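Q: For the sequence shown, the numbering used here begins at 2 and goes up steadily by one.
All C-beta atoms in this analysis are idealised placements derived from N, C-alpha and C, irrespective of residue type, glycine included.
Since we're looking at a predicted model, the values are computed, not measured.
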Amino acid sequence: MKPYSPPYIPASEITPKDTFENRRAFLQKAGFGVAAGTIALLNHPVRAAETAVKSPIIQPVGAGKKIAQYKKTAFGAEEKLTSYEDVTTYNNFYEFGTDKSDPAKNAKLFKTQPWAVSIEGEVKKPKIISLEDIIKLAPLEERIYRMRCVEGWSMVIPWLGIPLAKLIQWAEPTGNAKFIEFITLNDKQQMPGQNLPVLDWPYVEGLRMDEAMHSLTMLAVGLYGEQLPNQNGAPLRLVVPWKYGFKGAKSIVKIRFTEKMPRTSWMKAGPREYGFYANVNPNVDHPRWTQSSEKRIGAGLFAGRIKTQMFNGYAEQVGQMYAGLDLQKNF
Ligand code: MTE
Numbered sequence: 002m003k004p005y006s007p008p009y010i011p012a013s014e015i016t017p018k019d020t021f022e023n024r025r026a027f028l029q030k031a032g033f034g035v036a037a038g039t040i041a042l043l044n045h046p047v048r049a050a051e052t053a054v055k056s057p058i059i060q061p062v063g064a065g066k067k068i069a070q071y072k073k074t075a076f077g078a079e080e081k082l083t084s085y086e087d088v089t090t091y092n093n094f095y096e097f098g099t100d101k102s103d104p105a106k107n108a109k110l111f112k113t114q115p116w117a118v119s120i121e122g123e124v125k126k127p128k129i130i131s132l133e134d135i136i137k138l139a140p141l142e143e144r145i146y147r148m149r150c151v152e153g154w155s156m157v158i159p160w161l162g163i164p165l166a167k168l169i170q171w172a173e174p175t176g177n178a179k180f181i182e183f184i185t186l187n188d189k190q191q192m193p194g195q196n197l198p199v200l201d202w203p204y205v206e207g208l209r210m211d212e213a214m215h216s217l218t219m220l221a222v223g224l225y226g227e228q229l230p231n232q233n234g235a236p237l238r239l240v241v242p243w244k245y246g247f248k249g250a251k252s253i254v255k256i257r258f259t260e261k262m263p264r265t266s267w268m269k270a271g272p273r274e275y276g277f278y279a280n281v282n283p284n285v286d287h288p289r290w291t292q293s294s295e296k297r298i299g300a301g302l303f304a305g306r307i308k309t310q311m312f313n314g315y316a317e318q319v320g321q322m323y324a325g326l327d328l329q330k331n332f
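What follows is the structure, given as structure tokens:
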């Protein structure tokens with residue numbers, strides 16, 4: 002594991018300039034001259050090809066590949082949605098760079114077809130399932146979820162997907178399966194950020210079995226009625242609305258059932274800062290900033306911060322799973 006340099010920035014002032022300066026500082030701390038880091042990114046074939054493409058950074062909603070059939074649900078119907086533009090240009094997907102604007106630019110040529118997921122570990126027998134077969138496991142549905150990033154900002158996103166529970170049932174886990182690992186594609190050729198030691202690649206996240214089986218937990222294949230844009234984790238990503246956003250592993254290629262609690266990429270990077278549970282909790286601050294409030298992206302300059310809710314406001318649905326667990330220790 003390469004020395005850890007915190008790539009996350011304090012939540013209070015998130016502006017493009019700050020983000021840029023933090024990334025410079027990060028690259029320097031990580032032992033890269035800024036120039037060297039930049040050159041490494043520029044030399045990458047994907048990046049080089051991408052700069053040759055003169056199309057606008059992002060297409061407007063309605064211009065992507067539409068998902069023909071899905072059912073609307075009442076989930077989150079009362080929420081004010083974050084704009085498509087913010088959802089698709091303000092991203093964390095370190096495989097494509099650490100600036101918020103990097104993934105939308107650098108993931109344009111990312112190839113997400115064909116795609117299949119390998120099901121491994123504590124299952125009756127390991128198997129591989131194609132994306133096409135995954136979306137046949139249950140009717141696609143739209144759910145509007147509040148999403149809270151550990152950095153202190155939040156969004157409201159209309160996801161399209163299936164309950165993860167449907168895939169778990171199909172996978173036939175053994176009685177030993179207590180946790181699940183979600184593993185992102187490992188491909189330095191396509192993912193320039195994987196050439197930097199930001200995290201221990203590939204990106205690994207995990208859930209306890211009951212969390213994974215919970216009806217709020219989704220495998221998402223789309224947002225805003227369209228297939229997932231690459232920068233949001235195409236073609237398949239995890240969405241767990243009561244946990245900090247880093248739980249939502251993107252571009253998943255492996256799902257591994259385990260007996261032991263997985264060591265996730267963020268736990269390895271900063272064990273005191275990023276716990277396995279990562280439940281949204283306004284009472285447990287991040288060591289370097291408060292978690293009691295958040296900035297809603299797109300709310301406007303004068304909107305001010307809003308109070309963060311326990312389990313991101315989903316306590317009624319999920320609180321019971323943590324009864325008796327010390328949430329200060331198990332952050
Ligand atoms: N998955 C991978 N593979 N790599 C990442 O860097 N970032 C996580 C999560 N999933 C990340 C990832 C973090 S920190 C957040 S907040 C969310 O993705 C952001 O998802 P969004 O960009 O779709 O809003």
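1) Is Tyr245 closer than 8 Å to Ala279 when the C-beta atoms are compared?
2) Do Val254 and Pro236 count as a contact pair if the criterion is CB distance below 8 Å?
3) Since Pro263 and Glu182 should fall inside the 8 Å C-beta cutoff, what is the C-beta to C-beta distance between them, to a whole number of angstroms?
4) In angstroms with no decimal places, state the Cα-to-Cα distance between Glu86 and Leu224.
5) Would you call the CB atoms of Arg149 and Thr309 closer than 8 Å?
6) Kindly indicate which residue of Asn196, Arg144, Val157, Thr185 has the alpha-carbon position closest to the one of Pro164.
7) Run the proximity test for Met148: is its beta-carbon closer than 7 Å to any non-hydrogen atom belonging to the ligand MTE?
8) Mark Lys72 as exposed unless 16 or more other C-beta atoms lie within 10 angstroms of its C-beta, in which case mark it buried.
9) Compute the distance between the beta-carbons of Glu274 and Pro288, then report whether it is under 8 Å.
10) How would you label Ser131, buried or exposed, when you count the other beta carbons within 10 angstroms and need 16 or more for buried?
11) Could you have a look at Pro57 and say whether DSSP puts it in helix, strand or coil?
12) With 16 as the cutoff for other CB atoms within 10 Å, does Phe303 come out buried or exposed?
13) Have a look at Lys269 and Gly207 and give me their C-alpha separation to the nearest angstrom.
14) Determine, using beta carbons only, whether Leu328 and Val281 come nearer to each other than 8 Å.
15) Could you give the residue range of the beta strand (DSSP E) that holds Ser84?
16) Going along the chain, which unbroken runs of the beta strand (DSSP E) with 3 or more residues stay wholly within the region 98 to 160?
17) Pairing CB atoms from the region 110 to 130 with CB atoms from the region 168 to 175, are three or more of them under 8 Å?
18) Given a cut-off of 8 Å on the beta-carbon distance, is the pair Ser155 and Arg297 in contact?
19) Is there a Cβ from chain C that is less than 8 Å from the Cβ of Gln170?
20) Measuring CA to CA, which of Gln190, Phe111, Met322 is closest to Ser216?
21) What does the alpha-carbon distance come out to for the pair Ser293 and Ile129?
22) Should Asn231 and Ala324 be called a contact, given that it needs their Cβ atoms to be closer than 8 Å?
23) Run through the DSSP bridge pairs and tell me what Ile307 is partnered with.
A: Answer, in terms of the structure:
1) yes
2) no
3) 4 Å
4) 12 Å
5) yes
6) Arg144
7) yes
8) exposed
9) yes
10) exposed
11) Residue placement at Pro57 is flagged as unreliable, the pLDDT there being 43, under the threshold of 50; the coordinate-derived value follows with that caveat. It is coil, neither helix nor strand.
12) exposed
13) 13 Å
14) no
15) Here Ser84 belongs to no beta strand (DSSP E), and DSSP marks it neither H nor E.
16) 117 to 122, 128 to 131, 142 to 149
17) yes
18) yes
19) In the structure shown, chain C does not exist; there is a single protein chain.
20) Met322
21) 42 Å
22) no
23) Glu295
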